[in-house]
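Student: If you scroll down you'll find the structure; I have some questions about it.
Residue numbers (the working numbering), protein chains in the order written: chain A, 8 to 211; chain B, 8 to 211; chain C, 8 to 211; chain D, 8 to 211.
Pasting the structure below:
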């Protein structure tokens, strides 16, 4: 029903919309940073020092969203067409991306409290679901070469499929760790980000 | 007065601006999610459980805006030109889109209180007005083939016109239901989203 | 120093950046809408009724920013090149655009209080400065045909220059009125928007 | 591994994503402006006067981000390719850009309090780190002509490299000054912005 020539345009618009959501979600993280002296009598210096978990969580979330954007960017080098199912799956991915400022706020506010484990479970759980969403999205696009360009070789597809399954494993580990140590869970998540940052730059 | 060649560029810019508003409104929904323990003595776990209406409303609004973006995207496959009237009508549509984070917040905060019906009426009412705005926008663009491409067949236009009238019917139902049961109204709205998600993926 | 071919690309990027700021500022207006029942014992229905100035200001600001975006869009139909000075002047315009959610909040919160006139002066004053910024931007771009396309006729330029000078006159009227009646000043501003909406659609 | 023809598209997408973050961060600055009368008994007029440091910091940050966006825009006139390392370095730059609304809020809230120096150190420190990030980004892109177009002459590269080293010097001065006088530090930062605005428009 659609003219052939509009396929590329649709793909571009989905990319642009996704980029917008990534860019806003990553910028909204800053709203989690609060003036530590409001309603408190500590000095600004002490307040900022005491807020280290907030900055730690900010950097973790920022880096993770940045790497996920880079990953999204990279996935779209292989995708030539989009359909409604793909848009909905991509939307599910974006839903979890937009949740990140909220889960980051939770983990930053509670990592030093008795609710630390609950917050870390929510935080790690969200990244776990994000990783699952990535895999479903990629499987949908790549199975039977459904939405890929004709020039993409099957072994390229297999390599990416293999790389994608690593993330849910890591994040499920972070999720299990969260029940025992919130800090160890967040550190695991930042290690995943660091791992991807390093391997991504090497694998090119 | 305008050079012919700039028509496509204007259409693209209107699309890009609309995409920005859609992407931003969908991301702003996350600001409705609050730390349930601030100013309260419940544990984070209990607090998050008690916040289920907020998450429910978040997912409903996110899905609805996502589907509306997909619909907007789809409509622009048929539109080749824009004029000032169309921009203003599109702006009215965007006004209601940007209201969604506010009405979502209202329904999430009040669905368990005595104000539940008022909140649900506002929520369903906004989606009803959105659906009306869609119809006016499409009617303006399609009547007499005003802004459509020459390659679009009249029966394609009629099919879309018919599909568009379904949404106001559904949302007026949700609006009537809201006076009796807030929860049933929100459930109706998410059912509309689910219906569109399923039919959209099938109708392609 | 710059290659000739990059001129169009630079103009496009300035447009895209400006579109982003317009789209975000227009969407951020929604943050001015607050749940009227928080920290108060009124019902939601009464609270929303009592909040009518907020909705009135929301619609006024939304419409004004939308029309200014349309105007920006239209101006760029004539502009083929940008330089540093133009970018800075355009930035000044965007600074006033991003201030709109703040001045809208002020006028909405105070229009029924004893501070109504101060708020209306700030609100009308901001739109007055915006109109001045538009004129400076256009004068810079058009004087000596500096940044315009070669195909733009001098009488087209003169027509636009004349149209642009109407806005500061209207807004200076709204500014003077603000010292006597806040409501009349806001009504003047929405009448300006309505006037532009109607003439814009006719003048095409 | 990547097809040659996708290089330009990747560069464009990185630019668009960065533009989104710049546009969003510059618009979020407005959230630092608060109604001065909430929870206080001063009149709106007195309140706004008393809030002058907030407006001062708003204009300083807006101008600085605007100039950095223009600089980013200018840098991408020379860059023809991007790789993963460049994306991560660009992401680091964006991280500091998104921090600006937070550091601006801190300096605006504390410039008249006993915490003024701490706030100014954080503010100047962030701009210093931003300037360092710019230099690393440019050095990575330009060393050995890694990501530059073939048409860019070595002396053009050297000129830019020289210009870029000026900013860290200025901002380290602002950082040192911040320990003695918060206001003098912020004034230094706005003078840097003014200097760049003037020289940028002249150097073209």
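Ideal Cβ positions, reconstructed from N, Cα and C, are used throughout, including at glycine. Given the structure is predicted, the values throughout are model-derived calculations rather than measurements.
Specify, as a first and last residue, the run of the alpha helix (DSSP H) that residue 109 of chain D falls within.
Tutor: On the fourth chain, residue 109 of chain D is found 102 positions in, with the first residue counted as 1. Per DSSP, residue 109 of chain D belongs to the alpha helix (DSSP H) from 91-117.
Student: In chain B, which residues lie with their C-beta within 9 Å of the C-beta of residue 95 of chain C?
Tutor: As a working mapping, residue 95 of chain C is identified with position 88 in the third chain. In chain order: nothing, as chain B lies at least about 22 Å away.
Student: Would you report the Cα separation of residue 175 of chain D and residue 53 of chain C, rounded to the nearest angstrom?
Tutor: Position 168 of the fourth chain, counted from the first residue, corresponds to residue 175 of chain D. Position 46 of the third chain, counted from the first residue, corresponds to residue 53 of chain C. Near 56 Å, if we compare the C-alpha coordinates of residue 53 of chain C and residue 175 of chain D.
Student: Return the residues of the region 28-53 of chain B that lie within a Cβ-Cβ distance of less than 8 Å from chain C, sorted by chain order.
Tutor: The residues in question are 28, 31, 32, 35 and 38.
Student: So is residue 64 of chain A buried or exposed if we call it buried at 16+ other beta carbons inside 10 Å?
Tutor: Residue 64 of chain A sits at position 57 when you count from the first residue of the first chain. Buried, because 16 or more other Cβ atoms sit within 10 Å of the Cβ of residue 64 of chain A.
Student: Among A:23, A:172, A:77 and A:34, which has the Cα closest to the Cα of residue 205 of chain A?
Tutor: The residue given as residue 205 of chain A occupies position 198 in the first chain. When only C-alpha atoms are compared, the closest one is A:77.
Student: Can you give me the C-alpha to C-alpha distance between residue 43 of chain D and residue 59 of chain D, rounded to a whole angstrom?
Tutor: For the purposes of this step, residue 43 of chain D is identified with residue 36 of the fourth chain, where counting begins at 1. For the purposes of this step, residue 59 of chain D is identified with residue 52 of the fourth chain, where counting begins at 1. When rounded, the distance between both Cα atoms is 11 Å.
Student: Just checking, does the region 122-133 of chain C make contact with the region 185-201 of chain C on the three C-beta pairs under 8 Å criterion?
Tutor: Judged by Cβ distances under 8 Å, the region 122-133 of chain C makes contact with the region 185-201 of chain C, as three or more pairs qualify.
Student: Quick check: what's the CA-CA separation for residue 57 of chain A versus residue 118 of chain A?
Tutor: Residue 57 of chain A sits at position 50 when you count from the first residue of the first chain. Residue 118 of chain A sits at position 111 when you count from the first residue of the first chain. The alpha-carbon atoms of residue 57 of chain A and residue 118 of chain A are separated by roughly 12 Å.
Student: Could one say the Cβ of residue 69 of chain C lies closer than 8 Å to chain B's Cβ atoms, at least one of them?
Tutor: Along the third chain, one-based indexing puts residue 69 of chain C at 62. Closer than 8 Å to some Cβ of chain B, the Cβ of residue 69 of chain C qualifies, so yes.
Student: Indicate the three-state DSSP secondary structure (helix, strand or coil) for residue 159 of chain D in the structure shown.
Tutor: Taking the first residue of the fourth chain as 1, we reach residue 159 of chain D at position 152. Note: residue 159 of chain D maps to coil in three-state DSSP.
Student: In chain B, which residues lie with their C-beta within 7 Å of the C-beta of residue 98 of chain A?
Tutor: For the purposes of this step, residue 98 of chain A is taken as the residue at position 91 of the first chain. 73, listed in chain order.
Student: Taking the straight line between their C-alpha atoms, what separation do you get for residue 199 of chain C and residue 177 of chain C?
Tutor: Taking the first residue of the third chain as position 1, residue 199 of chain C is located at position 192. Taking the first residue of the third chain as position 1, residue 177 of chain C is located at position 170. Distance between the alpha carbons of residue 199 of chain C and residue 177 of chain C is about 7 Å.
Student: Which residues in chain C sit within 8 Å of residue 82 of chain D, going by Cβ to Cβ distance?
Tutor: As a first step, residue 82 of chain D is located in the fourth chain; it is residue number 75 there, counting from the start. Here the premise fails: no neighbours, minimum Cβ distance about 12 Å.
Student: Taking only beta-carbon atoms, is residue 115 of chain A less than 8 Å away from chain D?
Tutor: Sequence index remark: in the first chain, residue 115 of chain A carries index 108 (1-based). No, residue 115 of chain A does not count as interfacial toward chain D.
Student: Is the beta carbon of residue 68 of chain A less than 8 Å from the beta carbon of residue 113 of chain A?
Tutor: For the purposes of this step, residue 68 of chain A is identified with residue 61 of the first chain, where counting begins at 1. For the purposes of this step, residue 113 of chain A is identified with residue 106 of the first chain, where counting begins at 1. Contact: no.
Student: List the residues of chain D that residue 14 of chain A touches, going by C-beta distances under 9 Å, in chain order.
Tutor: Here residue 14 of chain A corresponds to residue number 7 of the first chain, with the count starting at 1. Within chain D, no residue comes near residue 14 of chain A; the closest Cβ sits about 15 Å away, beyond 9 Å.
Student: Quick check on residue 49 of chain A: buried or exposed, where buried means 16 or more other Cβ atoms within 10 Å of its Cβ?
Tutor: Numbered from its first residue, the first chain carries residue 49 of chain A at position 42. Exposed.
Student: Mind listing the chain A neighbours of residue 65 of chain D? Cutoff is C-beta to C-beta under 9 Å, in chain order.
Tutor: Counted from its first residue, the fourth chain places residue 65 of chain D at position 58. Residues of chain A passing the Cβ test: none, with the nearest at roughly 15 Å.
Student: Based on DSSP bridge pairs, tell me the residues matched to residue 86 of chain C.
Tutor: Sequence index remark: in the third chain, residue 86 of chain C carries index 79 (1-based). Paired residue(s): C:155.
Student: Please list the partners that residue 76 of chain A has in chain G, where partner means a Cβ-to-Cβ separation under 7 Å.
Tutor: Among the protein chains in the structure shown, which are A, B, C and D, there is no chain G.
Student: Listed from N- to C-terminal order along the chain, which residues in the region 153-183 of chain D have their beta-carbon within a distance smaller than 8 Å of any beta-carbon of chain C?
Tutor: For the region 153-183 of chain D, which is checked against every Cβ of chain C, the residues closer than 8 Å are 158 and 163.
Student: Tell me the rounded alpha-carbon separation between residue 191 of chain A and residue 19 of chain A.
Tutor: To locate residue 191 of chain A, count along the first chain from 1; it is residue 184. To locate residue 19 of chain A, count along the first chain from 1; it is residue 12. If you take the alpha carbons of residue 191 of chain A and residue 19 of chain A, they lie about 39 Å apart.
Student: Between residue 108 of chain C and the rest of its own chain, which residues show a CB-CB distance below 7 Å, the 5 nearest in sequence each way excluded?
Tutor: Here the question's residue 108 of chain C lines up with position 101 in the third chain. The answer, listed in chain order, is 32, 35, 36, 38 and 39.
Student: Should the region 155-167 of chain D be regarded as contacting the region 81-89 of chain D, the criterion being three or more beta carbon pairs within less than 8 Å?
Tutor: Enough Cβ pairs lie closer than 8 Å, so yes.
Student: What are the boundary residues of the alpha helix (DSSP H) that includes residue 218 of chain C?
Tutor: Since the first residue of chain C shown is 8 and the last is 211, residue 218 of chain C is not available in this structure.
Student: Please state whether DSSP places residue 26 of chain B in a helix, a strand or coil.
Tutor: For the purposes of this step, residue 26 of chain B is identified with residue 19 of the second chain, where counting begins at 1. Helix.
Student: Of all the options D:74, D:94 and D:110, which has the alpha carbon lying nearest to the alpha carbon of residue 97 of chain C?
Tutor: As a working note, residue 97 of chain C is residue 90 in the third chain. Ranking the options by Cα distance to residue 97 of chain C, first place goes to D:74.
Student: Which same chain residues end up closer than 7 Å to residue 82 of chain B when comparing Cβ atoms and leaving out the 5 residues on each side of it in sequence?
Tutor: Numbered from its first residue, the second chain carries residue 82 of chain B at position 75. Contacts found: 145.
Student: For residue 116 of chain C, is the classification buried or exposed, using 16 other Cβ atoms within 10 angstroms of its Cβ as the cut-off for buried?
Tutor: In the third chain, residue 116 of chain C corresponds to position 109, counting from 1. Burial call: buried.
Student: List the residues of chain A whose Cβ lies closer than 9 Å to the Cβ of residue 19 of chain D, in chain order.
Tutor: To locate residue 19 of chain D, count along the fourth chain from 1; it is residue 12. Residues of chain A passing the Cβ test: none, with the nearest at roughly 10 Å.
Student: Have a look at A:14, A:26 and A:17 and flag the residue whose alpha-carbon is nearest the alpha-carbon of residue 17 of chain D.
Tutor: Residue mapping note: residue 17 of chain D aligns to position 10 of the fourth chain, counting from 1. When each option's Cα is compared against that of residue 17 of chain D, the closest is A:26.
Student: Verify the CB distance criterion: does residue 10 of chain C have a CB-CB separation below 8 Å to chain B?
Tutor: On the third chain, position 3 is the one that residue 10 of chain C refers to. Here the model assigns residue 10 of chain C a pLDDT of 46, short of 50, so the residue's position is not dependable, and the following value carries that caveat. So no, residue 10 of chain C is outside the interface.
Student: Below 7 Å on C-beta distance, what does residue 204 of chain A contact in chain D?
Tutor: Taking the first chain and counting its residues from 1, one reaches residue 204 of chain A at position 197. Within chain D, the residues near residue 204 of chain A are 95.
Student: What in chain C is Cβ-close to residue 108 of chain B, meaning under 9 Å?
Tutor: The residue labelled residue 108 of chain B in the question sits at position 101 within the second chain. Here the neighbours are 34, 37, 38 and 40.
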